[in-house]
Every structure is written in C-alpha cells, then in structure tokens.
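Notes for the one structure printed next.
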Amino acid sequence: MDFPSSVVVGIATLLTIMLLAVVTQRLLGVRFGALRTFLAALLALGLGQSVLRPIVATVVPADGGRPPDAAALGVLLLVLMAMVLIPMALLVLAEALVPPGSVPGPLELVKSVHGRLSRARRYSQITRIAVRHGLGPYLRGRGERLDDRPGKRRLAASLRAALDDGGVTFIKLGQVLSTRRDLLPAEFVEELGRLQDQVAPAPWEQVEPVLREELGGPVDEVFAAFDRTPLAAASIGQVHAARLHSGREVVVKVRRPGIETVVGRDLEIVRRLAATLESRTRWGRTLGLRDLAEGFAKAIMEELDFGVEAANMAAVSAARTPRSSGGTDTTGASVSGGSGSTGGPGDPGGTGAGASEGAVPVTYPAPISAMCSERVLVMERLSGRPVTAADPGEGTRLARGLLDCLLRQILIEGVFHADPHPGNLMLLDDGTLGLLDFGSVGRLDGSVRAALQRFLLAMNRQDPLGVTDALLDVVPRPEEIDEPALERAIGQFMARHLGPGLDSAQLFTDLFKIVSAYGLSIPPEVAAVFRALATLEGTLVRLSPGFNLIGEARAFAGRYLAEQITPETVRESLTQELAALVPMLRRLPRRVERIASAAEHGRFTMNVRLLADERDRRYLTGLLHQVLLTVLGATAGLMAVILLTTDGGPVVTGSTTLLHLIGYNLLMIAAILGLRVLALIFRRPRDSDAREGAR
Numbered sequence: 001m002d003f004p005s006s007v008v009v010g011i012a013t014l015l016t017i018m019l020l021a022v023v024t025q026r027l028l029g030v031r032f033g034a035l036r037t038f039l040a041a042l043l044a045l046g047l048g049q050s051v052l053r054p055i056v057a058t059v060v061p062a063d064g065g066r067p068p069d070a071a072a073l074g075v076l077l078l079v080l081m082a083m084v085l086i087p088m089a090l091l092v093l094a095e096a097l098v099p100p101g102s103v104p105g106p107l108e109l110v111k112s113v114h115g116r117l118s119r120a121r122r123y124s125q126i127t128r129i130a131v132r133h134g135l136g137p138y139l140r141g142r143g144e145r146l147d148d149r150p151g152k153r154r155l156a157a158s159l160r161a162a163l164d165d166g167g168v169t170f171i172k173l174g175q176v177l178s179t180r181r182d183l184l185p186a187e188f189v190e191e192l193g194r195l196q197d198q199v200a201p202a203p204w205e206q207v208e209p210v211l212r213e214e215l216g217g218p219v220d221e222v223f224a225a226f227d228r229t230p231l232a233a234a235s236i237g238q239v240h241a242a243r244l245h246s247g248r249e250v251v252v253k254v255r256r257p258g259i260e261t262v263v264g265r266d267l268e269i270v271r272r273l274a275a276t277l278e279s280r281t282r283w284g285r286t287l288g289l290r291d292l293a294e295g296f297a298k299a300i301m302e303e304l305d306f307g308v309e310a311a312n313m314a315a316v317s318a319a320r321t322p323r324s325s326g327g328t329d330t331t332g333a334s335v336s337g338g339s340g341s342t343g344g345p346g347d348p349g350g351t352g353a354g355a356s357e358g359a360v361p362v363t364y365p366a367p368i369s370a371m372c373s374e375r376v377l378v379m380e381r382l383s384g385r386p387v388t389a390a391d392p393g394e395g396t397r398l399a400r401g402l403l404d405c406l407l408r409q410i411l412i413e414g415v416f417h418a419d420p421h422p423g424n425l426m427l428l429d430d431g432t433l434g435l436l437d438f439g440s441v442g443r444l445d446g447s448v449r450a451a452l453q454r455f456l457l458a459m460n461r462q463d464p465l466g467v468t469d470a471l472l473d474v475v476p477r478p479e480e481i482d483e484p485a486l487e488r489a490i491g492q493f494m495a496r497h498l499g500p501g502l503d504s505a506q507l508f509t510d511l512f513k514i515v516s517a518y519g520l521s522i523p524p525e526v527a528a529v530f531r532a533l534a535t536l537e538g539t540l541v542r543l544s545p546g547f548n549l550i551g552e553a554r555a556f557a558g559r560y561l562a563e564q565i566t567p568e569t570v571r572e573s574l575t576q577e578l579a580a581l582v583p584m585l586r587r588l589p590r591r592v593e594r595i596a597s598a599a600e601h602g603r604f605t606m607n608v609r610l611l612a613d614e615r616d617r618r619y620l621t622g623l624l625h626q627v628l629l630t631v632l633g634a635t636a637g638l639m640a641v642i643l644l645t646t647d648g649g650p651v652v653t654g655s656t657t658l659l660h661l662i663g664y665n666l667l668m669i670a671a672i673l674g675l676r677v678l679a680l681i682f683r684r685p686r687d688s689d690a691r692e693g694a695r
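Sequential numbering from 1 applies to the sequence shown in the working numbering.
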C-alpha cells in the first residue's frame, strides 16, 4: 500500500473510532473521559473482526452466495449493533472495576510515585520512633490491654515521647488530643498536656530571606531596630523583637522555611492512618477518625497561615464593645491602634461592667495589618513574664479575669480564643493578663450563642429540663433519643458537680460522656467551645488550685442575666418584636375574613403541590427513566429468547430464519439497554457522594 493510500486508510480509521466513541457515549447516556472512551472504541475496532466473524457466519450462507436484501439489511444492522456493543461493554466493565480517578494520569503518576517514596521514608522514620519508645506492638494491633493506672501512665508517657520525637505535626496532634477528655483516659490527657512545642531556632541565614521577601525590603530598612536573636522558637515559627520607625515596640513572628512541606506530608500520613483505622477497627468508626483527622488538618493549616492569625486578632478586637473615643487601654496605647483590653472601669466588653469583683483585666495585642502576610506576623509587643511566674496570692484574681473574658467572648461576642493554655498567657508589667497566639479562634452565630446562654442560665438555676432543652438546641437532635433518660442523666450530672463544695475536676469529662452515650453529634463550632473550656479548666487549676469554676461560671450567668434584664433592654426587645409583628397583624384580619367567607359558602379548599422541588422531580424522572430502560431491555431480551427458540418462519439464508434474525437484533438491543442501565447505576453513587461533599 502506497503512502497516500495509507494516509486515507489512517484518517478513515481514526474517523471511525471517533464516530464509534461518540455513538457509544450517547447510547450509554453517561459522560466518560475522552481518553477512556477513545481507548474503548480503539480496542473494539481491533476486536471487531474476531468477534463479528462467528455472528456473520451464523447468518450468511456457507457457500458465500449473496443473501437476500432483507437478510443483508438485518445482518448489517446486527453487525453495527454488535460493533457498538463491544465498547459499551468495555466502558461499563471499566466503570465497575476501575472507576474514574482511581488510576492517575501520567503526570499524576510521576508525582504519586515521588509522594509515595517520600511518605515511605517518613513512615519508616515514624515506625522507628514508635518502636524505640515501645509502641511497636500497638502498631500491629497486639499491644497489651492495660487496665491498671500505672500501666496506662507508662503507655501515655511512651506515646508523649514518641509524638515529641515525631516533629511539629505530631506534637500539635498530641496537644489537640490532650484537650479531648471525651476520647482519651485521664492518664493520657494529663501526659499529653505536657507536650511543649519548643525547638532550636532556625539560623538567621534562613529566616532573613523570608522576612525580606514578605516585608518588601531589607529588615534594617523596614524596622528601626531588629533583634536577630529570637525571643522564643517553636516548630512552626519563631518570634523576634523589633521597633518600628515610629518608636512602637513590636514582635515579629516568622514561619520556619520549608515547614509547610513537612506538615503537608505528615498530614497526609495522619489522614491515611485515620482512614485505615476507621475502616479496620470498631473504635475508629465509633470516634469518626476520618472526620477528626480532617478537622485537625484544617486547623493546623490555618495555624501555618499567619494571615489567618492576624485576621483572628482583628476579629476578636472588633467583637469587643468599644469604649469612649480617645480612651486608652491598660498598656496606655490608644484603643484604635493599640492592644485590645477587656478591662477597665465601665468596659462592657470585658471585666468591667458586670464583671466579678476583683477580676484582673485581659489584654491582647493588636496586629500591624499592613506588615502581616502568610509567613510573617507583626504585632504590638506586650511586656511581661510567664503567667506561671505570678505570685500565689494573685492566682484567684487572674483566674477569675480569664474566665470572665473567655465566657464573654463565647456567650456575648461570638468570637473566642480556642486555645487558652498557660503558654498563651502572660502576666503583664501593669498587672493585667495578656492573651497571645490567635492561630486558633472559634466563631459562633447568634442562635448557637443564645442556646449556650440558655444552657448556662439553666445550669445556674439547676434546672435539668432547661439544660436538656438547651443542649438539644446546641447539638443536632437525633431521630431517636430517649429524652426522659437524657434528662435524668443531666440531673445526676448536676447533682454530682453543682452542689456546694463539690469538685468540678471531672465536669467536662462527665458531660462528654453523656453526649457520647446518647449519640449526640457535636458540631465543629460547639466542639471548639468545649475544647476551649476544657483547656481553660486546666489553666485555671494551674493559676489557682482549688478554683471554683462552677461557682464562678454560675455567678457570671447571674451577672449576665442581671445585665440583660433592664428596662432599656426589655423595651428594646419589645420594640423589635412589635416591629416584626405589626405587618403580619395588619394582614391577619383580611386573611381570617377570606377564610371564614370561603368556609361559609363551601368554597374552602386546600392546595398541596407534590414534588414542588426541582431536585425531587429530577430524581423521580431519572428513577422512572432507569426503570423504563430496565423493563424495555428485559422485554427485548425475553422476546429475543422466544424468537431464537421458535422453529419455522421464512428462511432468510441457510438455516437462519427471519424470526432468528429478528431475535438476534432484539438480543443486541436488550444488551445495549442493559449496559446503559448498568452505567447509570455505577456512576450514580459517585455523583451522589460528590454532591454530598460539595454541600
């Protein structure tokens, strides 16, 4: 064959393959990938001769003579349908065995291999760390079951040491787990709470290029003074002292170079481990490890972005009720540009009006927004010392101020610090508390805040029914729940913890047990509240051993109720409610009159629209379409079998009668319809999962 003929044959073959691919996809009614459809059509063209030869031999005369025109048309139709049937069957089989996305493309494959090698090295390193600390048997599921307290303490200490050696991601994971008293025994919570995120600082040669790139110039030009020796260093970033050209003292927090790569790789390992444990263990499914891992990954990625922390600081500051214009905070800086203080006489946003007597104000630094970015955070410097170095006599005052501050953030302002552990607190030189590190901040909408307020006020009244109702308003209500039993459990919980002189050390642990026992699912924003309060509980105990958390929280609830129920607030609430009701009340008489008139004259009717939602109509239409295709395919297949087993009828060619030829064609039609239904069945679950993920 000469070259022009080869070109013509090649073009014709390519057009045939493309036409076959288009027809196949149209008949299946499902959109497949272009490469997958093209390969199926190409393979069908290659297999066509060997597959079609027996079919043609069945209906074509053995002597090679020309069949009648009707037989030739039937054979041609049969061949065309068989040719289309091959790629359809291949695509449906591929859809069932190798769903789209399960096999990566060439570029993805290269990246996947590189990622697998990197993860394999990290897996090996983590395994060596676990084995070195005696956790090897537990990785294989053969660890000793420990019921005694000393054994649990030894295992918790080994876990803490292993997480400490694992690096930043696993240290953060341990710190998060130390706040989950609803998941871990007290021995593990106590031990993991000792994890300290302190590492050697990164060399200045690595930090300086990051600062120059993010700040847009050399450090010595941007700042009037910059201390190259960091004040503190952690695994994610380190903090340097500096002074602006305006004379304002600031601190500069810079992210460690390359830390995002390490964290991203470790988070992928955490996700895979969580997915494996959830699929293979009952306790993993009970705890929902996959969702916990995703929540942890999201939190730590936000912590890596210092721009998020700057926005969080601004949000907490903006949520405060501002004081009079031109006022100064406890550090002497102006309210608009200085640190946000929740203290001071008459400050309704903090520990002033309505605050407990003798509570210390709480101050937090203000970010220098123009100088903040994803890798650098510049904020006002607070001068002081670690809160753990406070005098013993000041512990109660500090604890009371911190509790009032956090409760106001949660219940009134709706933006709260979600990680108030002692490392994020300072005792400032002016005697106030400084609240630092806003990488983890929770946000609550008005309805959740109102439910939490009712919860706390009902706790203050020791009303189990009110606490139960408020709790079910905070968490999604399950379809089946024994509310009387839940109310009794809440009543027993309150009797254990809210009586005079009772210890509140296990307060949140017992509350989490009740929530878990009755199958209540805590939304992420509410879980952040509980974690913050559980962390706060440990901080308050360290500040003031024996601090009466329950008594102070109930006192806060009483003060808050007194603040809310004033003539001004009652008048404002009534005005708002009446403003909303007036338009409805004005229309109500006319509507009642129309209903009464229609009932009097026998014209009263009710219209109910079924399937008013477009999604319901679309789902029902698709279901009916699928049922109809199934019925038609089954009918065609049954008719084909009947015709193929029927003797007699006009002979078309050889031993093949007209009835047999029609049966063969009906059999092909039944196969095509059946493959279309299978394609829809295999594709629909993944489409539903994708829509659920999008929601």
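Idealized CB from N, CA, C, for every residue including glycine.
Same chain only: Cβ atoms within 8 Å of residue i, ignoring 5 sequence neighbours per side
| i | result |
| --- | --- |
| L762 | Past the edges of the chain, shown from 1 to 695, lies residue 762, and the structure says nothing about it. |
| L498 | M459, Q462, I550 and R554 |
| M81 | N665, M668, I669 and I672 |
| V8 | none |
| A580 | none |
| L292 | A274 |
| L398 | V360, V387, A390, L427, L433, L543 and S544 |
Pair within 8 Å by beta-carbon distance, residue i and residue j
| i | j | result |
| --- | --- | --- |
| L27 | A671 | no |
| A202 | F223 | no |
| S467 | L452 | Per the sequence shown, residue 467 should be read as Val rather than Ser. Not closer than 8 Å, so no. |
| V168 | V263 | yes |
| D510 | R496 | yes |
| R265 | A297 | no |
| V308 | I410 | no |
| Q175 | L195 | yes |
| E187 | K152 | yes |
| P422 | V378 | no |
| A40 | T16 | no |
| F556 | L407 | yes |
| L91 | T37 | yes |
| L697 | L77 | Residue 697 is absent from the structure shown; the chain starts at 1 and stops at 695. |
| L574 | Q626 | no |
| E380 | V250 | yes |
Three-state class that DSSP yields for residue i in the structure shown
| i | result |
| --- | --- |
| T169 | helix |
| V360 | coil |
| F416 | strand |
| V631 | helix |
| E380 | strand |
| T657 | strand |
| R385 | strand |
| P367 | strand |
| A232 | strand |
| A224 | coil |
| G237 | strand |
| V475 | coil |
Per-residue burial, residue i [other beta carbons within 10 Å of its own, 16 or more giving buried]
| i | result |
| --- | --- |
| P150 | exposed |
| Y364 | buried |
| L211 | buried |
| P392 | exposed |
| Q576 | exposed |
| L177 | buried |
| L35 | exposed |
| N607 | exposed |
| Y619 | exposed |
| S118 | exposed |
| T328 | Note on T328: pLDDT 31, under 50, position unreliable in the model; no value is reported. |
| L585 | exposed |
Own chain partners of residue i with C-beta closer than 6 Å, once the 5 adjacent residues on each side are dropped
| i | result |
| --- | --- |
| G134 | S158 |
| T630 | V677 |
| E302 | V308 |
Cut-off 7 Å between Cβ atoms - residues of its own chain near residue i, not counting five sequence neighbours on either side
| i | result |
| --- | --- |
| P230 | P201, Q238, V239 and H240 |
Stretch-stretch touch, CB-based, cutoff 8 Å, three pairs: the segment 440 to 451 with the segment 402 to 417:
yes
Would you be able to state if there are at least three C-beta pairs under 8 Å between the segment 249 to 258 and the segment 205 to 221?
yes
Are three or more beta carbon pairs between the segment 474 to 489 and the segment 514 to 527 nearer than 8 Å?
The segment 474 to 489 makes contact with the segment 514 to 527, as at least three CB pairs between them are under 8 Å.
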